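Below: the structure, in structure tokens.
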Amino acid sequence: MADNETLECVTEHERILQEIESTDTACVGPTLRSIYDDQPNAHKRFMEKLDARIRNHDREIEKMCNFHHQGFVDAITELLKVRADAEKLMGQVTDTNRRLQDAGRDVTAQTEEVIRCRIQQRNMATTVEKLQLCIPGDTGYCYLRDLIQG
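According to the numbering used here, the sequence shown is numbered sequentially starting from 594.
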């Protein structure tokens with residue numbers, strides 16, 4: 594019979610612990626009062642149960658923290674590798690940008706030189722055209738001059 598009462602007490606303690614863990618903190622008071630109302634040593638047994646439950650939760654928390662800690666360390670290691678790669682990539686991008694800027698300046702200078710040459714070419718072609726238009730008049734002038742002089 595004593596074992597039956599102890600089993601009932603253990604079951605009741607488990608129920609109370611689950612109720613404490615799952616309910617709002619405002620409702621914990623009546624649950625805790627029920628511990629003191631039952632049996633004379635119920636408080637002591639409940640505290641032992643509570644301590645065991647706390648140790649169990651602490652072990653679970655520690656396992657979870659250890660598991661996630663390793664993941665955190667792995668993530669930090671990956672981030673450090675990514676940072677090194679990003680710095681290397683940034684250096685390459687900066688170098689490529691500098692080379693493109695230099696090449697762009699050279700292309701711009703050559704383009705400006707080509708534009709000046711084309712303008713000169715066009716001016717020379719226009720001058721040749723205009724001079725060719727003057728050739729008949731100049732030929733006539735030379736003919737008249739030769740007639741007058743001679």
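Glycine included, each C-beta is placed from N, C-alpha and C at the ideal position.
Here the structure is a predicted model, which means the values were calculated and not measured.
Leaving out five residues before and five after D690 in sequence, what residues of the same chain have Cβ atoms less than 8 Å from its Cβ? Here the sequence assigns Asn to residue 690, which means Asp is not the residue at that position. Same-chain partners within the cutoff: there are none.
Rounded to whole angstroms, what is the Cα-Cα separation between M640 and I654? 20 Å
Where I712 and T701 are concerned, what is the direct C-alpha to C-alpha distance, given to the nearest angstrom? 16 Å
Pull up the distance between the alpha-carbon of K637 and that of T604, whole angstroms please. 15 Å
Out of T670, A635 and L643, point me to the one whose CA is closest to E612's CA. L643
When DSSP labels each residue in this structure, what does G743 get in the three-state scheme? coil
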